[in-house]
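Notes to accompany the following structure.
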């Protein structure tokens, strides 16, 4: 295979980086190698390896150009779900970006491939892109593991800074949920388990569901970090999430918010 030109493959075809320009595929590496030990954004000098599953030639070309320009290494691309799984097995990237709908039926191949990747290689972060809000897909992704996962509408790619921030947050072990997805999940619920929360607490929890840190929540709501902490503690108390609960209370609160976890 010749040197990389920076152009992605046509839809349905595989594009991969020249092995001489990076790690030979057969060497592999543990999924967690190079990943930050603590939740947070990776160091600026960390060159994250990405595999993209997208059948739209134009969007794929745009993503490759955007990511390479932002310091990511696009290890390979795939135009269908089967090829995506094969490439991930070979490349073991830090992050996978996958379209929900991929060939041949353009229904749920992409999300099913993402779930397979989550199951077989849990150390690989996943960011799913969707043209429309499809709540059950977001719930499926979050049902087993809420770390290193994202679900964004394709429109968000246009906000380059926010999109890149979401990618880095997911790669660092965080969560990035599109505000529209969060809103639809909230509307979809019948009985509201969050009825006891104040409007401000709901605002804080919505931003938590987007993967925001306390500092980012404070900045967005124009309140102090201390006030955010008080609101979060109140949320935990009202949702019955106590310090001794199994799992991370912040994650459990988000799951409760999204309707993906049962009430106590």
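Residue numbers (this note's numbering): 237 to 500. Every residue, glycine too, gets a C-beta built ideally from N, C-alpha and C.
What does residue i pair with, by DSSP beta-bridge criteria?
i           : result
residue 361 : 331
residue 309 : 285
residue 292 : In the DSSP output, where bridge partners are listed per residue, residue 292 has none listed.
residue 366 : 389
residue 349 : Answer is none; residue 349 lacks a bridge partner.
residue 463 : Answer is none; residue 463 lacks a bridge partner.
residue 314 : 289
Considering only residues of the same chain and omitting the five flanking positions on each side of residue i, which have a CB-CB separation below 6 Å?
i           : result
residue 299 : 288
residue 290 : 296, 335
residue 333 : 288, 363
residue 400 : 306
Leaving aside the five residues before and after residue i along the sequence, list all residues of the same chain whose C-beta is less than 7 Å from its C-beta, in chain order.
i           : result
residue 329 : 285, 286, 287, 311, 360
residue 460 : 454
residue 486 : 444
residue 436 : 467
residue 343 : 337
residue 303 : 286, 310
residue 376 : 347, 351
residue 473 : none
Taking the beta strand (DSSP E) that residue i falls in, what are its first and last residues?
i           : result
residue 385 : 385 to 389
residue 413 : 411 to 413
Compute the Euclidean distance between the alpha carbons of residue i and residue j, then round it to the nearest angstrom.
i           : j           : result
residue 413 : residue 445 : 6 Å
residue 467 : residue 315 : 44 Å
residue 374 : residue 398 : 19 Å
residue 351 : residue 404 : 20 Å
residue 367 : residue 409 : 24 Å
residue 331 : residue 406 : 8 Å
residue 182 : residue 450 : The structure shown does not extend to residue 182, since the chain is modelled only from 237 through 500, so no value can be given for it.
residue 356 : residue 324 : 10 Å
residue 308 : residue 283 : 5 Å
residue 293 : residue 301 : 12 Å
residue 358 : residue 387 : 16 Å
residue 489 : residue 475 : 7 Å
residue 317 : residue 438 : 37 Å
residue 442 : residue 433 : 12 Å
residue 383 : residue 462 : 25 Å
residue 353 : residue 372 : 18 Å
Provide the residue span of the alpha helix (DSSP H) that contains residue i, from first to last.
i           : result
residue 400 : 396 to 407
residue 438 : 435 to 445
residue 542 : The chain is shown from 237 up to 500; residue 542 falls before or after that span and cannot be answered.
Please return the same chain residues whose Cβ sits closer than 8 Å to the Cβ of residue i, not counting the five positions on each side in sequence.
i           : result
residue 440 : 453, 457, 464, 467, 468, 471
residue 389 : 365, 366, 367, 368, 369, 414, 416, 417
residue 447 : 386, 402, 405, 406, 410, 411, 412, 413
Tell me, please, whether the region 392 to 403 touches the region 345 to 356 by the rule of three or more beta-carbon pairs shorter than 8 Å.
-> No, because fewer than three Cβ pairs between the region 392 to 403 and the region 345 to 356 fall closer than 8 Å, the two stretches do not touch.
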